[in-house]
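The structure appears below as structure tokens.
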């Protein structure tokens, strides 16, 4: 029997709720609908102490950075609190170490800024929330292509998505990549989510099709 993939989602003060809760729902629904379960999902924070999201929800992480089980998929969400992570050397060191171990490293929204600050977007294409595209460009050099017309970007090992709800689409895409169309369809039906397999659907101004 194939062991489930461990999906670790980082949370922190002032994290954007849907950035982490959307992908969490995708992976959890997929896990519950299938036997054997394909995913084991847990929340990770700097410490075991509760964090307070944007919107003042109090969330208790399952693990701290240094007590979590080895992850196969690591997701870094965004939100106002992601800016503070850019200055936390121990978090960036932890992220670099994790990046070399995980099968997939993912970011949602301004979580891409954290990946960039850690030097993990060198030589790849990436995206982020449309309001933070210039900030992302300032954190990388010419070896990184910042894309302003994609809902999410797949580089194989590293996936990045646009803002907030785009993380749901990226997670669904990863479900299909790992488990196939039939599993994806069950997840979409359970979530009643009208997923469109179109990377160019975006809220950005230029080139927007919405």
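In my numbering, the protein residues as written are 808 to 1017.
Where a beta carbon is used, it is the ideal one built from N, C-alpha and C, also for glycine.
From which residue to which residue does the alpha helix (DSSP H) around residue i run?
i: residue 846; result: Unbroken run through residue 846 is the beta strand (DSSP E), 846-852; no alpha helix (DSSP H).
i: residue 980; result: 973-986
i: residue 889; result: 889-892
i: residue 872; result: Where residue 872 is concerned, there is no enclosing alpha helix (DSSP H), given that its DSSP letter is neither H nor E.
According to DSSP, is residue i helix, strand or coil?
i: residue 961; result: strand
i: residue 994; result: helix
i: residue 835; result: helix
i: residue 917; result: coil
i: residue 824; result: helix
i: residue 942; result: helix
i: residue 898; result: helix
i: residue 966; result: strand
i: residue 912; result: strand
Are there 16 or more other CB atoms within 10 angstroms of the CB of residue i, so buried, or fewer, so exposed?
i: residue 926; result: exposed
i: residue 867; result: exposed
i: residue 873; result: exposed
i: residue 889; result: buried
Between the options, which has its C-alpha nearest residue i's C-alpha?
i: residue 858; options: 820, 871 and 843; result: 820
i: residue 977; options: 828, 849 and 822; result: 828
i: residue 1000; options: 989, 839 and 979; result: 979
i: residue 779; options: 843, 944 and 879; result: Outside the shown range of the chain, which is 808 to 1017, sits residue 779, and nothing can be said about it.
i: residue 974; options: 870, 812, 848 and 883; result: 883
i: residue 822; options: 929, 939, 891 and 966; result: 891
i: residue 915; options: 956, 972, 931 and 1004; result: 972
i: residue 863; options: 959, 814, 835 and 887; result: 887
i: residue 812; options: 917, 981, 970 and 929; result: 981
Thinking C-beta only, is residue j closer than 8 Å to residue i?
i: residue 837; j: residue 830; result: no
i: residue 920; j: residue 942; result: yes
i: residue 899; j: residue 964; result: no
What first and last residue would you give for the beta strand (DSSP E) that runs through residue i?
i: residue 812; result: 812-817
i: residue 882; result: 880-883
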